[in-house]
Amino acid sequence: MNYLLNLNASHLFTRFFLILPPILTVLASVFYTGSKVLFIIYGLLASVMVFSLYKKRNGYFSLFFLSFLILGCWLKVILHFLFYINFIEPTGQFNYSPSKWNAALLILIAAFATLLACFWLSTLFTKKIRLPSQSFKSSSYLLPLLILSFASAAALLFFNYYFSILKIGTEPLIKLPSPLYMIIAFMVAWGNAILISALAFWLIKDGKLKPCWMFYLLSLLGALTSISMCSRVQIILYTAVPFILYFYKVSPFDRRFTKNEWIKMVFIAAALFLATLLFVFTERYHNFLHAQLKEPGAKPAQTIPNKIRPSYIKIKYVGRVKQTFWTHSLYQFNKLIVNRWIGLEGVLAVSSATNQLGMNLFRTALFENPARGNDAIYQKMSNSSYQKYKNFVFMTIPGPIAFFYYSGSLLMVALGLALLYFTGYFLEHLANIFLRNEGVNAAIGVALAYLFVQLNFPVTLAYFIIELVVFLGGLALLKFLLHRQLHPQRLTQPIGNFQS
């Protein structure tokens with residue numbers, strides 16, 4: 000009886016969740032100052048994307064990539080018009096006029112329509128390359144290897160924290176050879192998570208580790224990584240991996256956890272998350288107190304030469320607005336959960352800089368050196384107020400939709416997003432072919448989705464993809480060696496088969 004009640008409650012919640020986007024779209028359209036038709040079309044596309052993600056399981060990258068863009072683009076628009084919540088990131092020449100909003104929505108409509116088409120097109124490939132499930136018999140070396148890997152990851156994260164090799168907004172305190180720096184940065188950000196996910200999943204699949212340990216390990220690793228990188232988002236992304244395995248009903252995560260197991264998993268994840276937030280906030284506050292300007296007294300405009308000039312919009316000060324408890328709570332929720340996702344502000348800024356756009360700008364941005372920092376293209380175009388500090392670099396990010404609209408062409412937006420989508424989609428399936436490990440698939444999916452959404456300098460993204468492919472090759476070799484240790488007489492068996 001209780002099971003039926005829980006099932007009915009789950010169905011009711013799902014239906015409510017699915018009808019919420021169109022309802023919010025209609026409500027927000029009342030306050031939209033531009034074309035209501037464009038706004039409704041945009042909202043309907045977002046609603047269809049949500050329904051598609053629920054209806055069709057099409058890999059982890061697809062789920063996270065589309066979800067991040069829905070949060071960073073559509074939900075920000077809804078909250079802005081329904082609750083008058085302003086944007087945290089700068090928006091350049093955007094003046095909030097109806098014509099500017101319509102121009103931005105046209106770009107977003109083209110982007111969402113493209114992603115929706117890519118999603119359903121990729122489902123055809125998913126059917127063709129679907130692989131049969133495997134039984135697993137893990138090596139006796141696997142558990143010690145997991146323990147050693149976690150200890151090594153913790154040591155590397157401490158090293159990174161101390162020397163700021165990859166710490167948000169902080170320049171490295173020691174100089175390392177470029178190849179070594181790239182390896183450390185990759186392992187700190189995502190390599191550790193992918194490795195731990197792979198080893199833990201193999202052990203869980205063989206019954207030598209309880210599924211709840213995937214939650215514990217990745218929550219703890221996410222907390223350590225967030226502290227090491229001074230980034231609040233890593234713990235959210237890492238913890239999302241085991242939870243999505245459960246909600247996708249991936250074996251052996253398709254079992255029903257006991258009430259005590261759920262309490263432990265949720266409590267540990269929540270406690271680590273809150274502790275991480277507090278630590279990162281304190282760390283950033285302490286570091287920023289000691290930050291020194293490279294050019295004391297210099298205004299942002301004095302440090303921005305060349306063709307792209309910042310633009311300033313005069314905004315009349317109307318006094319401090321009193322907020323109710325619920326309004327303040329919604330603002331804080333939006334700041335923590337919604338505003339961290341990249342998307343809308345970049346589109347608003349780039350779509351307003353019509354006199355600067357074109358293929359020349361796009362080609363320049365395509366090969367732009369990340370070392371430009373505060374002098375980079377988007378920092379000027381968005382009228383970023385971040386100043387130059389010694390040992391600290393703070394930047395705002397355009398995101399993939401805005402980046403491809405540097406060209407001034409909706410066709411380039413569509414082609415660029417399609418390229419990103421299928422790159423992430425096929426990389427995830429490449430990992431699945433060689434490793435057949437859902438933990439790895441989920442970790443790669445969330446990593447690629449997050450990095451694609453954070454697109455600013457394509458060069459760094461290209462490096463990450465190369466490192467990821469090499470790392471997957473290393474994991475495939477590890478799987479082969481473990482299989483060889485289990486079955487020394489079957490050396491000719493394909494690397495994709497890790498069966499008992």
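For the sequence shown, position 174 (counting from the first letter as 1) is numbered 173 according to numbering that gives the first Met the number 0, and the numbering increases by one without interruption. Virtual Cβ for every residue (Gly too), placed ideally from N, Cα, C. Remember, predicted model here, so these are calculated numbers, not experimental data.
Asked                                                                                                                                                                                       : Found
Any contact between the stretch 203-215 and the stretch 257-272? By contact I mean 3 or more CB pairs, one from each, below 8 angstroms.                                                    : yes
From the DSSP output, in three-state form, read off Tyr424 for me.                                                                                                                          : helix
Could you check whether Asn286 and Thr169 sit closer than 8 angstroms to each other, using their CB atoms as the reference points?                                                          : yes
To the nearest angstrom, report how far apart Leu142 and Leu107 are at their CA atoms.                                                                                                      : 47 angstroms
Within 10 angstroms of its Cβ, does Phe366 collect 16 or more other Cβ (buried), or is it exposed?                                                                                          : exposed
In three-state terms, what does DSSP make of Arg483?                                                                                                                                        : helix
Tell me which same chain residues have a C-beta within less than 7 angstroms of the C-beta of Thr122, skipping the five on either side of it?                                               : Lys55, Asn57
Quick one, are the C-beta atoms of Ser225 and Val279 less than 8 angstroms apart?                                                                                                           : yes
Straight-line CA distance for Ile234 to Gly33?                                                                                                                                              : 39 angstroms
Curious, which full-length alpha helix (DSSP H) runs of at least 4 residues does the stretch 228-296 contain?                                                                               : 232-246, 258-288
Taking buried to mean at least 16 other C-beta atoms within 10 Å of its own C-beta, is Pro241 buried or exposed?                                                                            : buried
Going by beta carbon distance, what residues of the same chain come within less than 6 angstroms of Gly372, once the five residues before and after it are set aside?                       : Val392
How close, in whole Å, do the beta carbons of Leu434 and Ala475 come, if the pair is a contact with beta carbons under 8 angstroms?                                                         : 6 angstroms
Using 10 angstroms around the beta-carbon of Gly398, count the other beta-carbons present and answer buried if the total reaches 16, otherwise exposed.                                     : buried
Is Lys379 near the ligand PLP, with its Cβ less than 7 angstroms from a heavy atom?                                                                                                         : By its list of ligands, the structure shown contains no ligand whatsoever, and the ligand PLP lies outside what it can speak to.
Starting from Gly438, follow the alpha helix (DSSP H) in both directions and report where the run begins and ends.                                                                          : 437-452
Could you tell me the distance, in whole angstroms, from the CA atom of Pro309 to the CA atom of Ala375?                                                                                    : Legend: pLDDT at Pro309 = 44, less than 50; position of this residue unreliable, value from coordinates given subsequently. Going by the C-alpha atoms only, they are around 12 angstroms apart.
Assuming Thr24 and Gly42 are in contact, meaning their beta carbons sit under 8 angstroms apart, how far apart are those beta carbons, in whole angstroms?                                  : 3 angstroms
Is Thr90 closer than 8 angstroms to Ser381 when the C-beta atoms are compared?                                                                                                              : yes
Considering Cα atoms alone, identify which of Ala199, Pro97, Ser230, Ala110 is closest to Asn159.                                                                                           : Ser230
Does Ala475 come out as helix, strand or coil in the three-state DSSP assignment?                                                                                                           : helix
Apply the 10 Å Cβ neighbour rule to Met228 and answer buried if 16 or more other Cβ atoms are within range, or exposed otherwise.                                                           : buried
Helix, strand or coil: which one does DSSP assign to Ala300?                                                                                                                                : Bear in mind that the predicted position of Ala300 carries a pLDDT of just 37, short of 50, making it too unreliable to give a figure here.
Going by DSSP, what residue range makes up the alpha helix (DSSP H) through Ala184?                                                                                                         : 177-185
Taking the beta carbon of Pro176 as the centre, do at least 16 other beta carbons fall within 10 Å, making it buried, or is it exposed?                                                     : exposed
Can you tell me the Cα-Cα spacing of Gln378 and Lys166, whole angstroms?                                                                                                                    : 20 angstroms
Among residues of its own chain, excluding the 5 on either side of Leu460, which ones have a beta-carbon nearer than 8 angstroms to its beta-carbon?                                        : Leu450, Phe451, Leu454
Exposed or buried, Ala239, counting other C-beta atoms within 10 Å across all chains shown (16 or more means buried)?                                                                       : buried
Does DSSP put Phe214 in a helix, in a strand, or in coil?                                                                                                                                   : helix
Kindly indicate the opening and closing residues of the alpha helix (DSSP H) around Pro369.                                                                                                 : Element bounds for Pro369: n/a, residue is neither H nor E.
Who are the near neighbours of Leu81 in its chain, counting only those whose CB is closer than 8 angstroms to its CB and skipping five residues on each side?                               : Leu23, Leu26, Ala27, Phe30
Would you identify the three-state DSSP class for Thr363, choosing helix, strand or coil?                                                                                                   : helix
Might you give, ordered along the chain, the residues of its own chain that have their beta carbon closer than 6 angstroms to the beta carbon of Tyr59, omitting 5 neighbours on each side? : Asn440, Ala441, Gly444
Within a Cβ cutoff of 8 angstroms, which residues of the same chain sit near Ile195, ignoring the five residues on either side of it in sequence?                                           : Leu145, Ser148, Phe149, Ala152, Leu216, Leu217, Leu220
Buried or exposed, going by whether 16 or more other CB atoms sit within 10 Å of the CB of Thr395?                                                                                          : buried
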